[in-house]
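S.K.: Residue numbers (the working numbering): -15 to 802. Backbone N, C-alpha and C fix where the C-beta goes; we use that ideal spot for every residue, glycine too. Below you'll find the structure I mean.
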Ligand code: ADP
Ligand code: ZN
Ligand code: ZN
């Protein structure tokens, strides 16, 4: 009897690959385990076992595996089922899904680079190593890095993944792609009375002594008024503000041994290791929670449409508690995890180490750890928080899925495959586990809202903010008019400047939104009119003043800022348009005494980039925060009373059928950062089109009008949610090749799908990294069989690939294109 296994290889092969194993191995191997296998002439891959069987492949001779890498499966059966769904729905290979799912440390292969870590090896530990492990470490003493293939040569054997895996586990080696960044959590300065001063006599005596130091006396009085009715520790900054004294005054009191300073890490709970009880819900939240339970009772997904700061998060907390009480796990999906350190800190207060975070910016080891926690399904790690890719984790016993900010487009992966939408995939995942699922947003996607009107989802609404704080007042500022009357200073209208002054006088903070980063997106010659272009892409270069550079936002090409036009040599270069950098610069000139912060891709690189800026803003070390759409995502700052949008028009004019829906969402979300806690906030939106219907709908908080109007457009022009989209992109460096290929493909599609086919057409940016892109769009009625359509498309793709001339063209299929 011969035995075989079908494996998933982490490459875009459509079929599973079969290897032969012996009887011993067949008894041991289970689906979901890893095996090291040879592939092609000399490659080694880590593969995942899909099934064990006895039928030999018909068209090729099965090779033997090199080694079994696991004692028990690291991928579950449920996961394999779910991967299968992703691969067939999103038209990609299981290998693509495998690569997206597994932390890279799990899939060592020929080209993987390893190097020695900082961990020392003592002579005691040395004896416990195997010979192979020892030789690898020795080789790494002489060479900074080795590929797996090189290790294989050094050891003179094929079976090398096992010692490497062991050394990784022991921490003696690391994968080269790892970026090491040491993070010191920020320390916040707190203040307390020195012992002895908490007695009344001592206090009276103290005030006597301080009678001639008026400021110091005020500080002490302010301390007691803060202390009254508040158990929480008192921040030095808070005291300075309350007493209206400088840091020097507090320092003087510390020197006099009245006060002392102490420090706590910002990301630690103040009551270390103790969890808080969840909040008592207000009547609206209570009612919403009851309605959610009713939706769950009839086994439907639930859309929670709750205005910004209505307390949706607190409702999720109650749902999680209920699920935990039943001994089940929760998946909490967020749009971009880096932006949500605030939320994680909040949830950690309630659930402590029951929480496990899966974070793409974590190091390889941290990701492996999170994976293991989920897989082992112990008491730690029952609440799994993560962005898009965490739907792919090895869940067990899933009881609840929460998709927070479900409208966010970052849930959809563009590149590479699998091009999946994590919200939609989560719906399938929940069904597979019989788990409840809730989608939440203040500005639901058209798709989800549409599904509530069709009875597919239940709808629960939450229309009031917590504390009955009013929704922010949104005013539109006509900057065409302001320009005409010369009421603009740089990019700021007089109204905006006045509002900033007022907020700052009240010791409140300001958020300013501009959807572009850099200083200015276009540098244009005043003589010949040429704009400086990227040599690799069809876009103009963005000027970054801070680095004195012109940069391409598509391919990262950069050159020093020019002093003369590259075409005609004229020195008259003008910048056109503006980004966050320019706003920041104008602000530092307009408000030299204020601290200005900037939050965009350029200032938030690295694992803790966001966290640093967010903490600084929370601690009021920044007065005005300028930023791109990163600012819109679920942040909760208590002291922000004013939000300003510098120019809404570029959002509205974006060439995409979702541009209006997105503008509504983005503007409402950024507006929602104002006045969240105790006071009504104010929002100013500068625009050249104050009568634009979307801006009118944003300013009157009228989601339903937006929804109805947009839905009608979608219906007329056959876009989602009333139709399904599938985009086919052809890519190649040769313009003519792309053109002929695209024409062929489109014609073949038209033979099957008729006028459901649009294009081929070049997108607005048609060349990226020297590759031409051409799109073909399929608009299919929602009731058309998707599996049949997909089969037809794959068939056409196969014939396309069999034309020799077309073979080098990359064909990218994007299902439910966003
Ligand atoms: P959303 O998620 O809807 O934007 P949040 O859950 O962030 O709203 O709530 C907004 C603010 O109100 C938060 O600071 C939160 O702590 C507070 N809050 C919400 N509900 C309650 C409650 N029931 N009791 C006390 N504070 C609450
Ligand atoms: Zn010129
Ligand atoms: Zn470029």
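With DSSP as the reference, label residue 453 as helix, strand or coil.
M.R.: The answer is coil: DSSP assigns residue 453 none of H, G, I, E or B.
S.K.: Would the beta-carbon of residue 524 be found less than 7 Å away from any heavy atom of ligand 2?
M.R.: No; taking the cut-off as 7 Å, the Cβ of residue 524 has no heavy atom of ligand 2 nearer than that.
S.K.: For residue 257, which residues of its own chain have a beta-carbon under 6 Å away from its beta-carbon, when the five flanking residues on both sides are left out?
M.R.: Interpretation of residue 257 is limited by its pLDDT of 49, a score under 50 that renders its predicted location unreliable; no figure is taken from the coordinates.
S.K.: Tell me where the alpha helix (DSSP H) around residue 417 begins and ends.
M.R.: 406 to 417 is the span of the alpha helix (DSSP H), which, as asked, contains residue 417.
S.K.: Compute every distance between the C-beta of residue 625 and the non-hydrogen atoms of ligand 1, then say whether any falls below 7 Å.
M.R.: False, no ligand heavy atom lies under 7 Å from that Cβ.
S.K.: Would you say residue 456 and residue 665 are within 8 Å of each other, going by their C-beta atoms?
M.R.: A contact, by the Cβ cut-off of 8 Å.
S.K.: Counting only runs of 3+ residues fully inside the stretch 717 to 799, write out the beta strand (DSSP E) ranges in chain order.
M.R.: Listed in chain order, the complete beta strand (DSSP E) runs (minimum 3 residues) inside the stretch 717 to 799 are 741 to 745, 755 to 765 and 794 to 799.
S.K.: Would DSSP call residue 528 helix, strand or coil?
M.R.: If DSSP states are grouped into helix, strand and coil, residue 528 belongs with the strands.
S.K.: Closer than 7 Å to a non-hydrogen atom of ligand 3 - does that hold for the CB of residue 805?
M.R.: With the chain represented from -15 up to 802, any question about residue 805 goes unanswered, as that position is not in the structure.
S.K.: Between the beta-carbon of residue 335 and the beta-carbon of residue 382, is there less than 8 Å?
M.R.: No, the pair does not count as a contact, with Cβ atoms beyond the cut-off.
S.K.: Can you tell me whether residue 164 is helix, strand or coil according to DSSP?
M.R.: Legend: pLDDT at residue 164 = 38, less than 50; position of this residue unreliable, value from coordinates given subsequently. If DSSP states are grouped into helix, strand and coil, residue 164 belongs with coil.
S.K.: By how many angstroms is the C-alpha of residue 586 removed from the C-alpha of residue 550?
M.R.: Between residue 550 and residue 586, the C-alpha separation is close to 26 Å.
S.K.: With a 10 Å radius around its C-beta and 16 neighbouring C-beta atoms as the bar for buried, classify residue 432 as buried or exposed.
M.R.: Residue 432 should be labelled buried.
S.K.: On the CB-based measure, 16 or more other CB atoms within 10 Å of its CB, does residue 309 come out buried or exposed?
M.R.: Classification of residue 309: exposed, given that the 10 Å Cβ count is below 16.
S.K.: Taking all protein chains shown into account, decide if residue 614 is buried (16 or more other Cβ within 10 angstroms of its Cβ) or exposed.
M.R.: Answer is buried; the Cβ neighbour count reaches 16.
S.K.: Measure the beta-carbon distance from residue 758 to residue 714 and round it to whole angstroms, keeping in mind my assumption that it falls under 8 Å.
M.R.: Going by Cβ atoms, the distance from residue 758 to residue 714 rounds to 5 Å, so yes, they are a contact pair.
S.K.: If you reduce the DSSP assignment to three classes, tell me which class residue 330 lands in.
M.R.: Here residue 330 sits in helix by DSSP.
S.K.: For residue 392, which option in 320, 330 and 369 has the closest C-alpha, if you only look at C-alpha atoms?
M.R.: With distances taken between Cα atoms, residue 392 lies closest to 320.
S.K.: On a CA-only basis, which of 399, 506 and 800 is nearest residue 774? Give me that one, please.
M.R.: When each option's Cα is compared against that of residue 774, the closest is 800.
S.K.: Where residue 630 and residue 670 are concerned, what is the direct C-alpha to C-alpha distance, given to the nearest angstrom?
M.R.: So the two alpha carbons sit approximately 5 Å from each other.
S.K.: Based on the DSSP output, what are the partners of residue 515 in its beta bridges?
M.R.: The partner list for residue 515 (beta bridge, DSSP) reads 508.
S.K.: Measuring from the CB of residue 264, is there a heavy atom of ligand 1 at a distance below 7 Å?
M.R.: Correct: residue 264 has its Cβ closer than 7 Å to ligand 1.
S.K.: Assuming residue 576 is part of the beta strand (DSSP E), what are its boundary residues?
M.R.: It is not in any beta strand (DSSP E) - residue 576 carries neither H nor E in the DSSP assignment.
S.K.: Return the first residue and the last residue of the beta strand (DSSP E) that residue 99 is part of.
M.R.: Taken as a continuous stretch (DSSP letters only), the beta strand (DSSP E) holding residue 99 covers 97 to 100.
S.K.: Given this structure, state the Cα-to-Cα distance separating residue 167 from residue 190, to the nearest angstrom.
M.R.: In this predicted model, residue 167 has a pLDDT of only 38, less than 50, meaning its place in the structure is not dependable; the value taken from the coordinates is given anyway. So the two alpha carbons sit approximately 41 Å from each other.
S.K.: Can you tell me whether residue 353 is helix, strand or coil according to DSSP?
M.R.: Of the three classes helix, strand and coil, the one that applies to residue 353 here is helix, per DSSP.
S.K.: The alpha helix (DSSP H) spanning residue 492 covers which residue range?
M.R.: Per DSSP, residue 492 belongs to no alpha helix (DSSP H) and is neither H nor E.
S.K.: From residue 691 to residue 604, what does the alpha carbon distance come to, in whole angstroms?
M.R.: Spanning the two alpha carbons is a distance of roughly 37 Å.
S.K.: Looking at residue 123: is its Cβ nearer than 8 Å to the Cβ of residue 98?
M.R.: Not a contact, by the Cβ cut-off of 8 Å.
S.K.: Taking the beta strand (DSSP E) that residue 698 falls in, what are its first and last residues?
M.R.: It is not in any beta strand (DSSP E) - residue 698 instead sits in the alpha helix (DSSP H) that spans 687 to 700.
S.K.: Nearest by alpha-carbon distance to residue 493: which of 449, 626 and 596 is it?
M.R.: When only C-alpha atoms are compared, the closest one is 626.
S.K.: Rounded to a whole number of angstroms, what is the C-alpha to C-alpha distance between residue 169 and residue 598?
M.R.: Residue confidence for residue 169 is low, a pLDDT of 46 falling below 50, so the modelled location carries little weight; the figure read from the coordinates is stated next. Distance between the alpha carbons of residue 169 and residue 598 is about 12 Å.
S.K.: Determine, using beta carbons only, whether residue 479 comes closer than 8 Å to chain B.
M.R.: In the structure shown, chain B does not exist; there is a single protein chain.
S.K.: In the DSSP assignment, find the unbroken beta strand (DSSP E) run with residue 264 in it and report its ends.
M.R.: Here residue 264 belongs to no beta strand (DSSP E), and DSSP marks it neither H nor E.
S.K.: Among 454, 332 and 371, which has the Cα closest to the Cα of residue 351?
M.R.: When only C-alpha atoms are compared, the closest one is 371.
S.K.: Apart from the five residues on each side of it in sequence, which residues of its chain come closer than 7 Å, Cβ to Cβ, to residue 558?
M.R.: Excluding positions up to five away in sequence, the list reads 508 and 510.
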